[in-house]
Amino acid sequence: MRTQREKLSGAGAQLATEVSINFGSSLAGLLIPVVGSPLVVAARQIVMVIVVLPLARPRLRNLTWAHTWPPLALGVVLAVMNLSFYQAVSMLGLGVAATIEFLGPFALALVTSRRILDFVCAAAAAGGVFLLTWSDGTLDPLGIVLALTAAAAWFCYIVLTRRVATEFAGLEGISIASVVSLIIVVPIALVTLDLSVFTWGVVGLLVLVGIVSSAFPYTLDTYILRRISPRLYAIITSFGPVIAAGFGALVLGETFTLLQQIAIVVVCVAAGAAIATQRDRPTSDLELTATAIP
Numbered sequence: 001m002r003t004q005r006e007k008l009s010g011a012g013a014q015l016a017t018e019v020s021i022n023f024g025s026s027l028a029g030l031l032i033p034v035v036g037s038p039l040v041v042a043a044r045q046i047v048m049v050i051v052v053l054p055l056a057r058p059r060l061r062n063l064t065w066a067h068t069w070p071p072l073a074l075g076v077v078l079a080v081m082n083l084s085f086y087q088a089v090s091m092l093g094l095g096v097a098a099t100i101e102f103l104g105p106f107a108l109a110l111v112t113s114r115r116i117l118d119f120v121c122a123a124a125a126a127g128g129v130f131l132l133t134w135s136d137g138t139l140d141p142l143g144i145v146l147a148l149t150a151a152a153a154w155f156c157y158i159v160l161t162r163r164v165a166t167e168f169a170g171l172e173g174i175s176i177a178s179v180v181s182l183i184i185v186v187p188i189a190l191v192t193l194d195l196s197v198f199t200w201g202v203v204g205l206l207v208l209v210g211i212v213s214s215a216f217p218y219t220l221d222t223y224i225l226r227r228i229s230p231r232l233y234a235i236i237t238s239f240g241p242v243i244a245a246g247f248g249a250l251v252l253g254e255t256f257t258l259l260q261q262i263a264i265v266v267v268c269v270a271a272g273a274a275i276a277t278q279r280d281r282p283t284s285d286l287e288l289t290a291t292a293i294p
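Shown next as structure tokens:
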């Protein structure tokens, strides 16, 4: 049994990771106009590989295609998710992009639902996103498509992560996926690379984005999941868009209309209500977003 103190420390650590990840995304928002989103994603992936590989170096001998395709596919999905999300951030802003992207895991959690309340929550979330995207006529349609692409990729990421987790020991499958993602992202980053914009400040920010968006959250995952339930983890995660909007305003100077503020809150509350009212059962797909990489 977990003690109350352990639960509080776990919840506090999870909140810290949400703050860290979204702070990293806001720093990425500063860098993208300078170096481009592919290079920012490449920096994150490099840090991910540095963190994961020493912990779980994949053993490739005697692996068949049937056994290895899930982590390979996961690596492709991971690259698509991060590239589309950061490009959406550059076009829509962090708060809007993060809210739309969260539709991916939320939709997955409701796929097998039969409760009326869940359908009400889904309708509320969809209405919130409609308000968010159409209350401001200046939003770039391509940015919305990219954010929806990131949402779909996050949906697929959770499904594949679940399979990889059951077929590979520890972080071995994730380490394969991280290398595949890096192989995809680095050539794109090199094509768009402009050495003239590099300064020590830019390099420092790229490293910082990798640390606060990848290294720090990864090292806390085990600590957190040993102290709080997956449901509580998912509830805290569901308020990520609000945290993202806050950093968008503080770091990037983003502004939101009253309707947009209401829309972001509606999406988060709908997701939180759907998760919090679930009956005790085996871990749901949305609860597996505890291990997702935004």
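The sequence shown begins at 1 in UniProt numbering and counts up one residue at a time.
In this text, a Cβ means the ideal position worked out from N, Cα and C, and glycines have one as well.
- Can you give the Cα-Cα distance for isoleucine 176 and phenylalanine 155, rounded to whole angstroms? Along the sequence shown, read from residue 1 onward, the residue named residue 176 stands at position 176. Along the sequence shown, read from residue 1 onward, the residue named residue 155 stands at position 155. Those two C-alpha atoms are separated by around 19 Å.
- Message: On the DSSP letters alone, give me the boundaries of the alpha helix (DSSP H) that threonine 192 sits inside.
- Response: Stepping through the sequence shown from its first residue, residue 192 is reached at position 192. Threonine 192 -> no alpha helix (DSSP H), and no H or E assigned at all.
- Message: On the CB-based measure, 16 or more other CB atoms within 10 Å of its CB, does isoleucine 50 come out buried or exposed?
- Response: In the sequence shown, counting from the first residue as 1, residue 50 sits at position 50. When all chains shown are included, isoleucine 50 counts as exposed.
- Are there 16 or more other CB atoms within 10 angstroms of the CB of isoleucine 236, so buried, or fewer, so exposed? Walking along the sequence shown from the start, residue 236 turns up at place 236. Buried, since its Cβ has 16 or more Cβ neighbours within 10 Å.
- Assess, as a yes-or-no matter, whether the region 72-89 is touched by the region 122-129 under the definition of 3 or more beta carbon pairs within less than 8 Å. no
- Message: In whole angstroms, give me the CA-to-CA distance for aspartate 118 and phenylalanine 102.
- Response: By 1-based counting over the sequence shown, the position of residue 118 is 118. By 1-based counting over the sequence shown, the position of residue 102 is 102. Each residue's alpha carbon lies about 16 Å from the other.
- Query: Where does valine 80 sit, in a helix, a strand or coil, going by DSSP?
  - Reply: Numbered from its first residue, the sequence shown carries residue 80 at position 80. Of the three classes helix, strand and coil, the one that applies to valine 80 here is helix, per DSSP.
- Task: Let me know the secondary structure DSSP gives threonine 291 once reduced to three states.
- Result: Locating residue 291 in the sequence shown gives position 291, where the first residue counts as 1. Since pLDDT at threonine 291 reaches only 46, below the 50 mark, its modelled position is unreliable, and the value read off the structure follows with that caveat. Residue state, collapsed to three classes: helix.
- Message: Less than 8 Å between the C-beta atoms of leucine 110 and isoleucine 264, yes or no?
- Response: Working through the sequence shown from its first residue, we reach residue 110 at position 110. Working through the sequence shown from its first residue, we reach residue 264 at position 264. Not in contact: leucine 110 and isoleucine 264 (Cβ atoms no closer than 8 Å).
- Message: Would serine 25 and serine 213 be called neighbours here (beta carbons separated by less than 8 Å)?
- Response: Locating residue 25 in the sequence shown gives position 25, counting from the first residue. Locating residue 213 in the sequence shown gives position 213, counting from the first residue. Result yes, Cβ atoms of serine 25 and serine 213 sit closer than 8 Å.
- Among Leu148, Gly127, Trp200, Ala11, which one has its Cα closest to the Cα of valine 89? For the purposes of this step, residue 89 is identified with residue 89 of the sequence shown, where counting begins at 1. Measuring from the Cα of valine 89, the nearest candidate turns out to be Leu148.
- Item | Those runs of the alpha helix (DSSP H) which lie wholly inside the region 84-157 and span at least 4 residues | 94-101, 103-110, 116-134
- Return the residue from the list Val242, Ala107, Ile211 that minimises the CA-CA distance to alanine 42. Start at 1 with the first residue of the sequence shown, and residue 42 comes out as number 42. Comparing Cα positions, the closest option is Ile211.
- Query: Who are the Cβ neighbours of arginine 44 in its own chain at under 6 Å, not counting the five residues just before and after it?
  - Reply: Numbered from its first residue, the sequence shown carries residue 44 at position 44. Excluding positions up to five away in sequence, the list reads Gly210, Ser213, Ser214.
- Message: The alpha helix (DSSP H) that contains glutamate 254, what's its start and end?
- Response: Taking the sequence shown and counting its residues from 1, the one referred to as residue 254 is at position 254. Here glutamate 254 belongs to no alpha helix (DSSP H), and DSSP marks it neither H nor E.
- Message: Rounding to the nearest angstrom, what Cα-Cα distance links isoleucine 243 and phenylalanine 130 in this structure?
- Response: Numbered from its first residue, the sequence shown carries residue 243 at position 243. Numbered from its first residue, the sequence shown carries residue 130 at position 130. Computed Cα separation, rounded: 20 Å.
- Task: State the CB to CB distance for the pair residue 296 and valine 40, rounded to an integer number of angstroms; the pair is presumed to be in contact (CB under 8 Å).
- Result: Because the chain spans 1 through 294 in this model, residue 296 falls outside it and cannot be assessed.
- Residues near serine 238 in its chain [Cβ-Cβ closer than 7 Å; skip 5 each side]: Position 238 of the sequence shown, counted from the first residue, corresponds to residue 238. Taken in chain order, the residues that qualify are Cys268, Ala271, Gly272, Ile275.
- Task: Inspect the beta-carbon positions of phenylalanine 256 and glycine 95 and report whether they are closer than 8 Å.
- Result: For the purposes of this step, residue 256 is taken as the residue at position 256 of the sequence shown. For the purposes of this step, residue 95 is taken as the residue at position 95 of the sequence shown. Cβ atoms of phenylalanine 256 and glycine 95: closer than 8 Å.
- Message: My output table needs one value for arginine 227: the three-state DSSP class, helix, strand or coil.
- Response: If you number the sequence shown from 1, residue 227 lands on position 227. Coil, per DSSP.
- Alpha-carbon to alpha-carbon, valine 191 and residue 318: Outside the displayed range of the chain (1 to 294) lies residue 318, so it cannot be described from this structure.
- Message: Among Ile158, Trp69, Arg227, Val186, whose alpha-carbon lies nearest the alpha-carbon of phenylalanine 106?
- Response: For this step, residue 106 is matched to residue 106 along the sequence shown. Phenylalanine 106 has its Cα closest to that of Ile158, out of Ile158, Trp69, Arg227, Val186.
- Query: On the three-state DSSP scale, how would you describe phenylalanine 216?
  - Reply: For this step, residue 216 is matched to residue 216 along the sequence shown. Note: phenylalanine 216 maps to helix in three-state DSSP.
- Message: Given this structure, state the Cα-to-Cα distance separating residue 301 from glycine 173, to the nearest angstrom.
- Response: No answer is possible for residue 301: it lies beyond the span of the chain, which begins at 1 and ends at 294.
- Task: Might you give, ordered along the chain, the residues of its own chain that have their beta carbon closer than 6 Å to the beta carbon of isoleucine 184, omitting 5 neighbours on each side?
- Result: Here residue 184 is taken as the residue at index 184 of the sequence shown, counted from 1. Here the set comprises Ala79.
- Item | C-beta contact flag for alanine 13 and leucine 220 at 8 Å | For the purposes of this step, residue 13 is identified with residue 13 of the sequence shown, where counting begins at 1. For the purposes of this step, residue 220 is identified with residue 220 of the sequence shown, where counting begins at 1. Yes. Within cutoff.
- Message: Does proline 54 come out as helix, strand or coil in the three-state DSSP assignment?
- Response: Position 54 of the sequence shown, counted from the first residue, corresponds to residue 54. The answer is coil: DSSP assigns proline 54 none of H, G, I, E or B.
- Straight-line CA distance for residue 317 to isoleucine 228? Given a span of 1 to 294 for the chain in the structure shown, any question on residue 317 remains unanswerable.
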